[in-house]
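Numbered according to mature numbering (1 follows the signal peptide of the UniProt record, and there is no 0), the sequence shown spans residues -22 to -1, 1 to 712. Ideal Cβ positions, reconstructed from N, Cα and C, are used throughout, including at glycine. Please read these numbers as outputs of a predicted model, since none were measured by experiment.
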Amino acid sequence: MQLPRNTQIMHLSIVLLSLTTSFRPRIKNPAQLDAALSFLTNTGPESLDIGKFEEACGVGVVVSIEEIQSTVAEVLKENMEAILEQRYHINVGGLCGQVRKRHPWGDAKATKEEIEKKLAEILGPKTEADNVKPVKKKKEKPAKVEEKKVAVATAAPPSEEELNPYTIFPQPAENNKVHTEIFFSNGNIWRAHNTKEILEKHLKATGGKVMTRFPPEPNGYLHIGHAKAMFIDFGLAKERNGHCYLRFDDTNPEAEKKEYIDHIQEIVKWMGWEPYKVTYTSDYFQDLYEHAVELIRKGLAYVDHQTAEQIKEYREKKMDSPWRDRPIEESLQLFEDMRRGLIAEGAATLRMKQDMQNDNKNMSDLIAYRIKFTPHPHAGDKWCIYPSYDYAHCMVDSLENITHSLCTLEFDIRRPSYYWLLVALGLYQPYVWEYSRLNISHTMMSKRKLNRLVTEKWVDGWDDPRLLTLAGLRRRGVSATAINSFIRGIGITRSDNSLIRVDRLEYHIREELNKTASRTMVVLHPLKVVITNLEDGKVIDLDGKKWPDAPADEASSYYKVPFSKTVYIEKTDFRVKDSKDYYGLAPGKSALLRYAFPIKCTEVIYGDNPDDIVEIRAEYDPSKTSKPKGVLHWVAEPAPGVEPLKVEIRLFEKLFLSENPAELKDWLGDINPHSKEVVKGAYAVPSLATAVLGDKFQFERLGYFAVDTDSTPEKLVLNRTVTLRDSYGKAGPK
């Protein structure tokens, strides 16, 4: 029988009192006490084996506070992605449990306090969102299916074991049976179905290899969402020893430019991917046109004269177009006139004869061709008609023998139309699978809105470092490796309602730069300090100083800097009025110049007014016997009277103030007015004079920086890629 808790404790006390005096004090914490209670409850005091008892409840095991702190640091590092994403909603109990597994006899209270302390250091003060209690989502009950209807087969979400991006895709079964089934529901085709003859022809063309495609539209620069698409399209093909096309979806000549085509090819290579072939939808314009004629001959397409407004109205009312049933020969002649440029723009379109009564608007007689008298950047001026995305995309997938047509979830409602057209023309049908698109906080992922930011000059071009375009990230100093690491870390799912915090991306950027960036010192807003007890003209070379936490035996871990009579510190590192919680420099107070000597402020030189401090006089301690708490970064004159290297520093913050600006009607009004700060008079150590494009640095206390494309031999410009784990304000002297 289980004894009440109070009775157990009393029973245990009696037993412990009966043991030797030297034994009793060795039960040191609640965890050991609980284990002792459990042991005695199960065995009873009559058959007590002291050796087994000691082993069972950790008697004699002492877990120091240092061990707890070390293990907490390890656990938090292992869970850093979840911490940055969930912030103060992270399950602290779960983190405590991970520490407890490694130190079962450690002090639970001390563990919890250490975790909470470190979380506060990592995340900073709680935001309004951190104080909102998360709402638990109710599980939706599965919808009932009428017995008479055939069940719909859809791609299932990946299981926990399938979160590796390269293992979540349907594996081609023996004889490629993944392509051999078709399911209908209210006229919608949901899975590929290929005849034996079509499948044999397809397998002969592919050799049984997986074939994917990355199909960007060349109407702008690629952003980080495209990085996820590349990771999936190229990554799947690479993992399965297959091939991936880079295919330009160039069906809208009015929005496309050669600049965008060149950029996309260049950035795909920069991201580490090698296309099997570079193709264009326009390469297949003749095939697409011939299939359109075939569709008309089959009575499955017609030339329509409704305006865009009329088409929208008729779709809402589920009404057929007045021209839907016009004679086939008439549609053939009109389509030929469209091709020859004999019909004005907007006066006619070719529409597929699908199902105007279907609840899915993507089956409401979609437009296949429209008239545009615009030269094409790739095809020239041969065509006056251009295919739509809905018409061309599935057909080019088929013509290129794509095995896995992968796209984001907003396209899942287009799947019925995708298969309808391929079935109508008797063409090979690829396997279609949709995944969640990438949504990141404090940024804009819509290419249309990005284009507006650029064309209206809210930002400084497609490669503005504040944008999450891949060109912008690269210019800011982010590597393709860090981006791919971020994509791999978030995984691939079919849940399309998650907003990834930009902090998570920054975590991966820091992780890489901490291992690769050279260490050095720069002062953003210099304040002159003259060291009065250092003789004039003397310059001390501080050599062989190792940066904390730098990789062992790495050249960038060591550097030489001059120390002279005149040095410069940050203006914010000096105060006229001292306080207990402030560790910077103040009158009569000392601070340590990093890697150099302690200095003590002896005099303040003012300018024309009491708020204008132009110079600090100080004495240094060559013996280093004083041990001030404050540590400052600094830059010295490399030679007497020679000004330090002057550089331009660009500091970037989040472009938007709101976490999800895409939800705002006035999203342009949410732009952060302080998203970019240019510091033109910063001082740097002499070694930075040789920095070139591609070089990356960690500046003491300021963050990680990269050389900008605006740099010249006469003027060095550096962008802040990301701050240190804590901001400068938190890391600097209090």
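1) Assess contact between the region 404 to 411 and the region 601 to 620, defined as three or more Cβ pairs (one per stretch) separated by less than 8 Å. Is contact present?
2) Would you identify the three-state DSSP class for D240, choosing helix, strand or coil?
3) My guess is that F552 and G562 are in contact by the Cβ rule of under 8 Å, so how many angstroms apart are they, rounded?
4) Please report the distance separating the alpha-carbon of Q676 from that of A205.
5) Could you please give me the residues that DSSP links to K578 through a beta bridge?
6) Out of E308, D265, F209 and K236, point me to the one whose CA is closest to P253's CA.
7) For E548, count neighbouring C-beta atoms within 10 Å of its own C-beta (all shown protein chains included) and say buried if the count is 16 or more, exposed if not.
8) Quick check: what's the CA-CA separation for W411 versus H382?
9) With C-beta atoms as the reference, is Y347 less than 8 Å away from L377?
10) Run the CB neighbour count on F147, radius 10 Å, all protein chains shown included, and call it buried at 16 or more, exposed below.
11) Pick helix, strand or coil for R225, following the three-state DSSP scheme.
12) Within 10 angstroms of the Cβ of R191, are there 16 or more other Cβ atoms? Answer buried if so, exposed if not.
13) Are the beta-carbon atoms belonging to L416 and M422 less than 8 Å from one another?
14) Is the number of C-beta pairs between the region 238 to 247 and the region 301 to 312 that are closer than 8 Å three or more?
15) As a quick exercise: from R679, D108 and T386, pick the residue whose alpha carbon is nearest that of T498.
16) Please list, in chain order, all residues of the same chain as I518 whose beta carbon is under 6 Å from its beta carbon, the five residues on each side excluded.
17) Excluding sequence positions up to five away, which residues of its chain have a Cβ less than 6 Å from the Cβ of T701?
18) From what residue to what residue does the alpha helix (DSSP H) around W398 run?
19) Return yes when the Cβ of Y560 is within less than 8 Å of the Cβ of T471, no when it is not.
20) At which residues does the beta strand (DSSP E) containing D282 begin and terminate?
21) Using the rule of at least 16 other Cβ atoms within 10 Å of the residue's Cβ for burial, across every protein chain shown, is S653 buried or exposed?
22) Taking the alpha carbon of W83 as the point to measure from, which residue in A596, T105, R293 and S42 has its own alpha carbon closest?
23) Ends of the beta strand (DSSP E) at R412?
24) In the DSSP output, which residue or residues are listed as bridge partners for E52?
25) For V77 and I391, I'd like the C-alpha separation in whole angstroms.
26) Go ahead and pull the three-state DSSP assignment for G358.
27) What distance in whole Å lies between the Cβ atoms of F630 and R698, which are believed to be in contact at a cut-off of 8 Å?
28) For the beta strand (DSSP E) containing residue 713, name the first residue and the last one.
29) Measuring CA to CA, which of S260, V663, T433 and Y584 is closest to L520?
30) Could you please give me the residues that DSSP links to K506 through a beta bridge?
31) Report, in whole angstroms, the separation of the C-beta atoms of L570 and V609, which I expect to be a contact under 8 Å.
32) So D686 and R482 are supposed to be a Cβ contact under 8 Å. How far apart are they, rounded?
33) Count the other CB atoms within 10 Å of the CB of D375; is the residue buried (16 or more) or exposed (fewer)?
34) According to DSSP, is C385 helix, strand or coil?
35) Are the Cβ atoms of A684 and G455 separated by less than 8 Å?
36) Any contact between the region 333 to 340 and the region 353 to 361? By contact I mean 3 or more CB pairs, one from each, below 8 Å.
Taking the coordinates as given:
1) no
2) helix
3) 6 Å
4) Each residue's CA atom was taken as its position, placing Q676 and A205 some 26 Å apart.
5) S568 and E597
6) F209
7) buried
8) Across the structure, W411 and H382 are spaced so that their CA atoms are roughly 7 Å apart.
9) no
10) Note that F147 has pLDDT 32, beneath the 50 cutoff, so the model's placement of it is unreliable and the number below is only indicative. Buried is the call here.
11) strand
12) buried
13) no
14) no
15) R679
16) F541
17) G681
18) R393 to L403 is the span of the alpha helix (DSSP H), which, as asked, contains W398.
19) Contact flag unset, no.
20) A279 to D282
21) Buried is the call here.
22) Ranking A596, T105, R293 and S42 by CA distance to the CA of W83 puts S42 first.
23) First, the amino acid is wrong: residue 412 is Glu here, not Arg. Note, E412: beta strand (DSSP E), Y409 to Y413.
24) Looking at the DSSP assignment, E52 forms no beta bridge with any residue, so it has no partner.
25) Approximately 46 Å, taken between the alpha carbons.
26) In the three-state DSSP reduction, G358 falls in the strand class (E or B).
27) 6 Å
28) Residue 713 is absent from the model: the chain starts at -22 and stops at 712.
29) V663
30) Y546.
31) With 8 Å as the limit, L570 and V609 qualify as a contact, their Cβ atoms being about 5 Å apart.
32) Their Cβ separation, rounded to whole angstroms, is 25 Å, which puts D686 and R482 out of contact at 8 Å.
33) So D375 ends up on the buried side.
34) strand
35) yes
36) No contact exists between the region 333 to 340 and the region 353 to 361.
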